[in-house]
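Below is one structure; the comments refer to it alone.
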Amino acid sequence: MGLEQFKNRNVGTQNYTMVDAGHSPQGAMCQFKQVVKRTFKGELFVGLWVTMRSMIKALFANDMHTVKYPLEKLPISPRYRAIHDMLRLLESGHYRCIGCGLCEKICISNCIAMDTRYDENQRKEVSEYTINFGRCIFCGYCAEVCPELAIVHGPRYENASQQRAGFSLFEDMLTPIDKLNLQQEYDGFGAVSPNADENIKQTPLAY
Amino acid sequence: MEVTWIGVLIKAIIILAVISAIAGFGTYIERKVLAFMQRRLGPMHVGPYGLLQIAADGIKLFTKEDIVPQNANAFIFKIAPVITAATAFIALSAVPVFPDFTIPSWIPVLGGTFVPSIASDLNIGVLFVLGMMAAGLYGPLLAGMSQANKWGIIGAARTAVQFLSYEVVTGLSILAPIMLVGSLSFVDFNAYQAGGIGDWLVWKQPVAFVLFLIAGFAETNRTPFDLLEHEAEVVSGYATEYSGMRWGMFFIGEYANMITVSVIAAVVFLGGYDAAGTLGWLFIMAKIAFFFFLMLWVRAAWPHVRPDQLMWLCWKVLMPLAVVNIVITALVMMV
Chain B
412 MGLEQFKNRN VGTQNYTMVD AGHSPQGAMC QFKQVVKRTF KGELFVGLWV TMRSMIKALF
472 ANDMHTVKYP LEKLPISPRY RAIHDMLRLL ESGHYRCIGC GLCEKICISN CIAMDTRYDE
532 NQRKEVSEYT INFGRCIFCG YCAEVCPELA IVHGPRYENA SQQRAGFSLF EDMLTPIDKL
592 NLQQEYDGFG AVSPNADENI KQTPLAY
Chain H
2 MEVTWIGVLI KAIIILAVIS AIAGFGTYIE RKVLAFMQRR LGPMHVGPYG LLQIAADGIK
62 LFTKEDIVPQ NANAFIFKIA PVITAATAFI ALSAVPVFPD FTIPSWIPVL GGTFVPSIAS
122 DLNIGVLFVL GMMAAGLYGP LLAGMSQANK WGIIGAARTA VQFLSYEVVT GLSILAPIML
182 VGSLSFVDFN AYQAGGIGDW LVWKQPVAFV LFLIAGFAET NRTPFDLLEH EAEVVSGYAT
242 EYSGMRWGMF FIGEYANMIT VSVIAAVVFL GGYDAAGTLG WLFIMAKIAF FFFLMLWVRA
302 AWPHVRPDQL MWLCWKVLMP LAVVNIVITA LVMMV
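Shown next, in the form of structure tokens:
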């Protein structure tokens, strides 16, 4: 099947299949017949069975949908854009940021402020780096533009606070040097969530 | 065993205390059952499995600010919830609730007092209960009309329409079993069906049973027919301006009515209780619990109907069916 028939926007010229939706009864006798038919069809009991089946499954097959949120959390997608993380090189433990300043340039809400200088080896080092999370709109441009995968979006989404401005320093977002072995590599924007397989379900069309 | 006034008094206090408690517990059961049917957990945090939620709700209801709207008719506004709760409990005085027992003689003052299963065994028990439930219509009606609120007025109008119409169906549907038994006393109904499952009136009067159940749902304002306070249409209907314990009394009245309808259905159609043994009382508890559960189950499963569909159902389907049922019963009895 090609795309042509989807691109045809002239209503009425397409080849539609009409769905048989029944017809409303004509006349008193037809109405009466419909009432009798519906009365003895037992559709109401199908409804009762559906809810009962849900209850049995919820109670005995552990098919409960509630997540007790502060106590339990669902795994979030790697595509989720929460508070930024600054990653380190796994081999040397040095931070990955090369001080290129692209993230600061591309930031559309102007919330990244950074300052760099040359260290004694003539390498760029980051002397100041803050993100104002009161302004940040979590668009993800900084992570996308970063050539070194140094700034990425982490999984910390519980960032409600009592004041509007909230500055995060470079050291706050940097992976702690003793937790380097726990550092999660960034899966990228196209990655699927870790529990993607569980989330696949049949479409509930038939009861 | 002789029924003394002190026994009746004790019985009345037992009915009030236990049914109020069950009504409170019923809210917990309802929330839990609805939650399970929607794959939720329901109340979980107050006490183990949320069991103390009733206490939390009670504290909230009792301590909430008591508001009477400015333009409301304060006297009627205040007395309307009392009517609902009172008529619900008065109706319960003529139905059998819990077995007969004699207070053991080692208890100081009340020892040896006989407490009957029915607070007052009227010879017109069925008629009295139906009449009392019909009088319960004044609760929502006066509440809706006194509160100076448009939603309340609509709720009150729907009350009058729904309750008055379905009174007809309840009365007519239960008339056929009454003709078979030849008595209006619940004890006679019980005695008529004493021979086991084969003697239950539901086999002889299946149509009357279904009609009574449907009308019972309408009379207790339960979900396919909860037009009086359906949130999506009339905010909260007659209860819009009520809060705190006044609203709580409507709630207790509704749950007491649910229990009453369950008891009537169990005694009249499903064999009732076995007066001799303890097991019979367990069975009637199970039957009442089943009808109570059915009300919650239906609420989870079915959508509610429009007012015009409700009237259509009552006057064009249920009422003629009930009359035909009576005529056929009469013909069969005559032949």
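Sequence lines, in order, name chains B and H. Add 411 to the 1-based position in the first sequence for the working numbering, that's all there is to it. Add 1 to the 1-based position in the second sequence for the working numbering, that's all there is to it. Every residue gets a Cβ at the ideal spot worked out from N, C-alpha and C, and that includes glycine.
With a threshold of 8 Å on Cβ separation, who are the neighbours of B:Cys550 within its own chain once the five nearest residues in sequence on each side are excluded?
Arg492, Ile519, Ser520
Could you tell me whether the stretch 134-145 of chain H touches the stretch 279-295 of chain H, where touching means 3 or more Cβ pairs closer than 8 Å?
no
So H:Ala157 and H:Gly145 are in contact, right, with Cβ under 8 Å, and what is the actual spacing, rounded?
3 Å
Cα-Cα separation between H:Ser118 and H:Ala36, rounded to whole angstroms:
35 Å
Where does H:Asn150 land, buried or exposed, given buried means 16+ other C-beta within 10 angstroms?
buried
Of all the residues that make up the stretch 576-593 of chain B, which are near chain H by a beta-carbon distance shorter than 7 Å?
none
Identify every residue that forms a DSSP beta bridge with B:Glu539.
B:Asp526
Smallest Cα separation from H:Gly183: which of H:Leu17, H:Ile125, H:Val83?
H:Ile125
Count the other CB atoms, across all protein chains shown, that sit within 10 Å of the CB of B:Ser503; report buried if there are 16 or more and exposed otherwise.
exposed
Alpha carbon to alpha carbon, how far is H:Pro70 from B:Leu459?
41 Å
Should H:Arg41 be flagged as near chain A, meaning a C-beta pair shorter than 8 Å?
Any reference to chain A falls outside this structure, whose protein chains are B and H.
Burial state of H:Met38, where buried means 16 or more other Cβ atoms lie within 10 Å:
buried
Jot down the residue ranges of each uninterrupted beta strand (DSSP E) in the stretch 439-508 of chain B, minimum 3 residues, whole runs only, in chain order.
495-497
Does any C-beta atom of chain H lie closer than 8 Å to the C-beta of B:Ala432?
no
Measuring only the C-alpha atoms, how far is B:Tyr480 from B:Tyr568?
13 Å
When you compare the CB of B:Gly458 with every CB in chain H, is at least one pair closer than 8 Å?
yes
Given H:Met312 as reference, the closest of H:Thr261, H:Pro225, H:Phe129, H:Ser237 once Cα atoms are compared
H:Pro225
Chain H beta carbons: is any one of them nearer than 8 Å to that of B:Leu482?
no
Close beta carbons around H:Lys205, own chain, < 6 Å, minus the five adjacent residues each side:
none
Within this structure, are the beta carbons of B:Gln594 and B:Arg499 separated by less than 8 Å?
yes
Using Cβ-Cβ distances below 8 Å, what residues of the stretch 294-308 of chain H are close to chain B?
Trp298, Val299, Ala301, Ala302, Trp303
When you compare the CB of H:Met320 with every CB in chain B, is at least one pair closer than 8 Å?
no
Same chain only: Cβ atoms within 6 Å of H:Val34, ignoring 5 sequence neighbours per side
Leu297
In terms of residue numbering, what span does the beta strand (DSSP E) encompassing B:Ser579 cover?
578-580
Within chain H, the residues that B:Thr462 reaches when beta carbons sit closer than 7 Å
Met38, Trp298, Ala301, Ala302
Coil, strand or helix - H:Thr103 by DSSP
strand
Using C-beta distances below 7 Å, list every residue in its chain close to H:Ala219, excluding the 5 sequence neighbours before and after it, in chain order.
Gln163, Tyr167, Phe226
Mind pulling the chain H residues with CB within less than 7 Å of B:His476?
Arg40, Arg41
Which complete alpha helix (DSSP H) runs does the stretch 245-303 of chain H hold, if anything under 4 residues is left out?
245-269, 279-302
May I have the straight-line CA-CA distance separating H:Met320 from H:Ile327, to the nearest angstrom?
11 Å
To the nearest angstrom, how far is it from the Cα of H:Ile155 to the Cα of B:Ala439?
31 Å
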